[in-house]
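Asks:
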Amino acid sequence: AIDEAHCISEWGHDFRPSYRNISVLREIKPKAKLIALTATATKKVVDDIVNSLQLHQPKIFKKSFYRDNLTYQIIHSDDKLSKLNQIFTKIKEPSIIYVNSRKKTQELANYLNANNFLASFYHGGMSADEKKSSYDNWFSEKTPIMVATNAFGMGIDKPNVRVVIHYNLPYSVENYIQEAGRGGRDGKKAFSIILTNKTDLEYTKEIQERTYPDLQEIKEVHKKLYQYFSIAKGELITDEFDFILIDFCDKYGFNIVKTFNALQILSSFGIIEFNPNSRLKSRIQFLVNSNRVLQFSESNSQLENFIKTILRLYTGIFEKEVTIDEFFVAKKAGITSKQVFKHLEMLENQGVISYHKSCKNASILFLQPREDDKTINLFSREIKSYLKHKKLKINDLIHFIENDLICRNIQILNYFDEKSN
4 AIDEAHCISE
14 WGHDFRPSYR
24 NISVLREIKP
34 KAKLIALTAT
44 ATKKVVDDIV
54 NSLQLHQPKI
64 FKKSFYRDNL
74 TYQIIHSDDK
84 LSKLNQIFTK
94 IKEPSIIYVN
104 SRKKTQELAN
114 YLNANNFLAS
124 FYHGGMSADE
134 KKSSYDNWFS
144 EKTPIMVATN
154 AFGMGIDKPN
164 VRVVIHYNLP
174 YSVENYIQEA
184 GRGGRDGKKA
194 FSIILTNKTD
204 LEYTKEIQER
214 TYPDLQEIKE
224 VHKKLYQYFS
234 IAKGELITDE
244 FDFILIDFCD
254 KYGFNIVKTF
264 NALQILSSFG
274 IIEFNPNSRL
284 KSRIQFLVNS
294 NRVLQFSESN
304 SQLENFIKTI
314 LRLYTGIFEK
324 EVTIDEFFVA
334 KKAGITSKQV
344 FKHLEMLENQ
354 GVISYHKSCK
364 NASILFLQPR
374 EDDKTINLFS
384 REIKSYLKHK
394 KLKINDLIHF
404 IENDLICRNI
414 QILNYFDEKS
424 N
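Add 3 to a position in the sequence shown, counting from 1, and you land on the number used in our numbering.
(1) Could you tell me which whole beta strand (DSSP E) segments of length 3 or greater appear in the region 231-268?
(2) Between the region 357-374 and the region 224-238, do three or more beta carbon pairs fall short of 8 Å?
(3) With DSSP run on the structure shown, which of helix, strand or coil describes S12?
(4) Cutting at 7 Å between CB atoms, please list the residues of its own chain near I210, excluding the five before and the five after it.
(5) Mapping the DSSP letters down to three states, classify T45 as helix, strand or coil.
(6) How big is the Cα-Cα spacing for H9 and D17?
(7) Quick check: what's the CA-CA separation for I404 versus R286?
(8) Using a Cβ-Cβ cutoff of less than 7 Å, which residues in the same chain neighbour Q109 once the five nearest sequence positions on both sides are dropped?
(9) Check V167 in the structure and name its three-state DSSP category.
(10) Can you pull the DSSP bridge partners for T199?
(11) Taking its Cβ as the centre, do 16 or more other Cβ atoms sit within 10 Å of M149, making it buried, or is it exposed?
(12) Suppose the cutoff is 7 Å on Cβ atoms and the five residues either side in sequence are ignored; what does the same chain contact list for T339 look like?
(13) Apart from the five residues just before and just after N264, which ones in its own chain have a Cβ nearer than 8 Å to its Cβ?
(14) I want to know whether the region 186-204 touches the region 160-168 - three or more CB-CB distances under 8 Å.
(15) Whose CA, out of L381, G354, R315 and S55, lies closest to the CA of A336?
(16) Give me whichever residues DSSP pairs with L73 in a beta bridge.
(17) Give me the Cβ distance between F277 and F382, rounded to the nearest whole Å; I'm assuming they're in contact under 8 Å.
(18) Give me the Cα-Cα distance between E85 and G156, rounded to the nearest whole angstrom.
(19) Whose C-beta lies closer than 7 Å to the C-beta of F232 among residues of the same chain, with five residues either side of it excluded?
(20) Output the residue ranges of the beta strand (DSSP E) runs that lie fully inside the region 271-301 and measure 3 residues or longer, sorted by chain position.
(21) To the nearest whole angstrom, what separates the beta carbons of I247 and N364, a pair I think is in contact under 8 Å?
(22) Return the chain-ordered ranges of every alpha helix (DSSP H) run that is complete within the region 73-159 and spans a minimum of 4 residues.
(23) Got a sec: does the ligand SAH put a non-hydrogen atom nearer than 7 Å to the Cβ of C252?
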């Protein structure tokens with residue numbers, strides 16, 4: 004069973020080249036039955052999924068995109084906050100507001116709460132406990148309004164959501180339909196509202212040039228990335244690197260947003276693995292020789308068992324930094340994790356070890372040897388197609404918003420190649 008199957012297609016709104024590799028299932032299990040599932044696919048995407056997965060004479064089950072209980076509205080306003088006040092004065096039932104940044108989720112939730120509209124916020128940078136608390140408050144209707152990024156999506160199935168508002172423009176028609184579709188799942192009347200203005204539309208029209216790199220810019224980011232980590236031509240280093248995007252961009256004079264998107268594209272095509280929210284493991288290295296370490300441990304009875312446990316668990320710790328798991332060390336040494344952290348900090352203060360505690364940061368893993376332009380040239384056709392497709396998706400969205408002559412439902416049906424009467 005392949006969920007989010009539109010990711011397989013280069014014509015889908017969230018194309019991920021690695022999904023193409025799913026077709027290897029055909030070689031491993033040639034007689035296996037496959038089912039591909041997606042909530043948003045045009046005819047072109049469906050055909051591409053069928054070909055990519057080598058589905059022979061597949062049965063296609065397609066539910067209509069028409070929702071007779073869901074009203075689509077585009078509201079043009081230079082004062083969006085005022086519009087929110089008007090909407091929530093009338094609607095007291097559960098609602099979702101989608102915004103395009105983590106910071107905005109908290110700002111908007113704070114504004115609503117200050118105006119006596121109970122709201123929670125949700126985004127991908129929150130801890131699991133924070134997300135659960137926010138979700139539970141919304142689902143139980145303790146705070147009936149949820150302000151969220153598109154991280155608030157998978158598994159969200161609350162039947163009585165009465166209004167879904169896009170405070171900022173979605174990234175594509177497909178994103179919009181998927182998010183708007185979280186309203187009115189109980190079959191009762193619901194509203195999907197896009198709040199927009201001239202500034203939004205102008206910004207969105209410029210977004211391709213301002214935020215997406217061209218092929219040459221991707222090549223330059225790729226080349227400098229290897230230089231940044233001092234990797235020689237032809238060399239492949241399989242270590243995961245801690246990566247500070249701002250430092251990288253400052254060093255080479257790159258635009259931070261374009262560079263972030265270039266890294267995402269390089270990751271999508273299997274050239275690197277870029278994790279913008281990686282939790283890097285703790286790393287330590289002994290700075291003194293083994294004899295000094297043993298002498299030190301024997302003269303500090305509290306640390307003796309701890310140090311010997313570290314030496315047993317991690318080889319090469321005198322020659323280079325190694326990653327460690329403090330909780331695993333605690334278990335093996337028969338002490339608490341709190342004591343492990345305390346001992347490590349003590350050893351660092353004494354100059355015995357260097358200790359880099361686990362932290363949340365970006366990371367880079369190289370998947371291809373350094374071949375500079377030669378590597379990118381292998382993917383140049385696909386990358387150009389991907390960038391062109393991104394631009395078309397934005398144009399389609401703008402056309403949907405600006406077209407006031409044709410019913411929104413009919414526009415949606417036409418977009419997904421569904422005949423309407």
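For every residue, glycine included, the Cβ atom is placed at its ideal position computed from N, Cα and C.
Since we're looking at a predicted model, the values are computed, not measured.
Replies: The relevant details are as follows:
(1) Secondary structure in the region 231-268: the beta strand (DSSP E) runs of 3 residues or longer, each lying completely within the stretch, are 243-246 in chain order.
(2) Contact annotation: the region 357-374 touches the region 224-238, with at least three C-beta pairs closer than 8 Å.
(3) Under the three-state reduction of DSSP, S12 is assigned to coil, being neither helix nor strand.
(4) In the same chain as I210, and ignoring 5 residues on each side of it, the C-beta atoms closer than 7 Å to its own belong to I397, in chain order.
(5) Three-state result, T45: coil.
(6) Across the structure, H9 and D17 are spaced so that their CA atoms are roughly 7 Å apart.
(7) Near 51 Å, if we compare the C-alpha coordinates of R286 and I404.
(8) So the qualifying residues of the chain are F124.
(9) V167: strand per DSSP, three-state reduction.
(10) For T199, the beta-bridge partners assigned by DSSP are H79.
(11) Counting every other CB atom within 10 Å of its CB across the protein chains shown gives M149 a total of 16 or more, marking it as buried.
(12) Closer than 7 Å at the Cβ level, and outside the excluded window around T339, lie A333.
(13) Only T214, Y215 and P216 meet the Cβ criterion.
(14) Flag = yes, the region 186-204 and the region 160-168 touch.
(15) Sorting L381, G354, R315 and S55 by C-alpha distance to the C-alpha of A336 places R315 at the top.
(16) Within the DSSP bridge table, the entry for L73 names A193 as partners.
(17) Wrong, their Cβ atoms sit about 15 Å apart, outside the cutoff.
(18) For the record, residue 85 in the displayed sequence is Ser; it is not Glu. When rounded, the distance between both Cα atoms is 26 Å.
(19) Excluding sequence neighbours, F232 sits near F244.
(20) Restricting attention to beta strand (DSSP E) runs no shorter than 3 residues, the region 271-301 encloses them at 275-283 and 285-289, ordered along the chain.
(21) Right, the Cβ-Cβ distance comes to about 7 Å (below 8 Å), so this counts as a contact.
(22) Runs of the alpha helix (DSSP H) inside the region 73-159: 83-93, 105-117 and 131-142.
(23) Judged by which ligands are present, the structure shown has none, so any question about the ligand SAH falls away.
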